[in-house]
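Heads up, the thing below is written out as structure tokens.
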Amino acid sequence: MTTTIPLNACVKCEALKHWVGSQQFSSAIMRVSIHRATAAAVDRIAPLFDGYRVFYHQPSDVGRAKAFLSDRLSKDESVLYFAVDDSTADAVGFVQLFPSFSSVTTERLWILNDLYVAPAARRQGVAKLLMNQARDFAQADGAKGLSLETDHDNFHGQALYESLGYVKSSAYRYFLSIPKKAH
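See below:
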């Protein structure tokens with residue numbers, strides 16, 4: 001079943017909590033469908049994933065993007081949703097989740113690791129739709145919650161996350177970079 005509602009209204013509606021599977025939204029500007037990715041969708045998503053990596057100052061490498069996504073999806077190591085502009089059939093954004101667990105609460109949680117919208121599709125509610133789909137998935141999965149990290153200067157992203165109910169963590173975070181072994 002396909003549901004079509006105005007994109008701007010959809011961004012604010014609570015009905016998203018109850019939608020599962022392929023979703024469709026429309027506005028005068030863009031008609032967007034949200035789909036759960038399988039390995040068969042990698043060729044459509046890889047250019048976006050490459051753009052995401054380039055945004056974070058990595059060299060462009062679509063082959064590497066395809067290989068990474070193929071591995072994650074074929075091994076069920078991630079859940080990825082992507083947005084499609086239905087008028088062009090172009091993938092215009094994606095969100096990728098990785099599973100994790102809380103040993104303290106003994107519950108599953110999901111790490112919202114990647115969110116990207118193509119520049120031409122920004123400011124039209126696509127990121128919010130993808131974020132809401134991630135939330136709906138985690139909720140349906142019985143997860144404790146969603147966790148994400150973003151750059152300290154990603155003010156647009158931070159505003160989006162906070163508008164969706166995410167709370168900035170005051171907990172200390174640490175990261176250990178492991179050097180690559182020389183071969």
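Oh and the sequence shown: position 101 is 101 in UniProt numbering, straight run, nothing missing. Each residue gets a CB set at the ideal place from its N, CA and C atoms; glycine is no exception.
Three-state secondary structure (DSSP) of residue i
i    : result
P99  : strand
V117 : strand
H57  : coil
V84  : strand
L176 : coil
A171 : coil
E182 : Inspection of the sequence shows that residue 182 is occupied by Ala rather than by Glu. A182 falls in the coil class under three-state DSSP.
A9   : The pLDDT assigned to A9 is 33, lower than 50, so where the model puts this residue is not dependable, and the model offers no usable value.
A41  : helix
A91  : strand
S22  : Any reading at S22 needs caution, since the residue's pLDDT is 46, under 50, leaving its predicted position unreliable; the model's value is listed next. Note: S22 maps to coil in three-state DSSP.
Where the alpha helix (DSSP H) containing residue i begins and where it ends
i    : result
L130 : V126 to A140
A67  : V62 to S74
Whole-angstrom C-beta distance between residue j and residue i, which should lie under 8 Å
i    : j    : result
D50  : D61  : 7 Å
Q92  : V126 : With the sequence shown as reference, residue 92 is identified as Val, and Gln is not the correct amino acid for it. Confirmed, Cβ separation roughly 6 Å.
L73  : V42  : 7 Å
I111 : S100 : 5 Å
C-beta atoms of residue i and residue j nearer than 8 Å
i    : j    : result
Q133 : Y81  : yes
D114 : V84  : no
A37  : A65  : no
L146 : A138 : yes
A143 : L109 : yes
S33  : D76  : no
K128 : L97  : no
M131 : L164 : yes
A121 : M30  : yes
Host beta strand (DSSP E) of residue i (start-end)
i    : result
H156 : From DSSP, H156 is part of no beta strand (DSSP E) but of the alpha helix (DSSP H) over F155 to S163.
L148 : No beta strand (DSSP E) holds L148; DSSP gives it neither H nor E.
V104 : Neither: V104 is in no beta strand (DSSP E) and is coded neither H nor E.
V167 : No beta strand (DSSP E) holds V167; DSSP gives it neither H nor E.
R31  : R31 to R36
Any non-hydrogen atom of the ligand MN closer than 7 Å to residue i Cβ
i   : result
I45 : Looking for the ligand MN in the displayed structure turns up nothing, as the structure carries no ligands at all.
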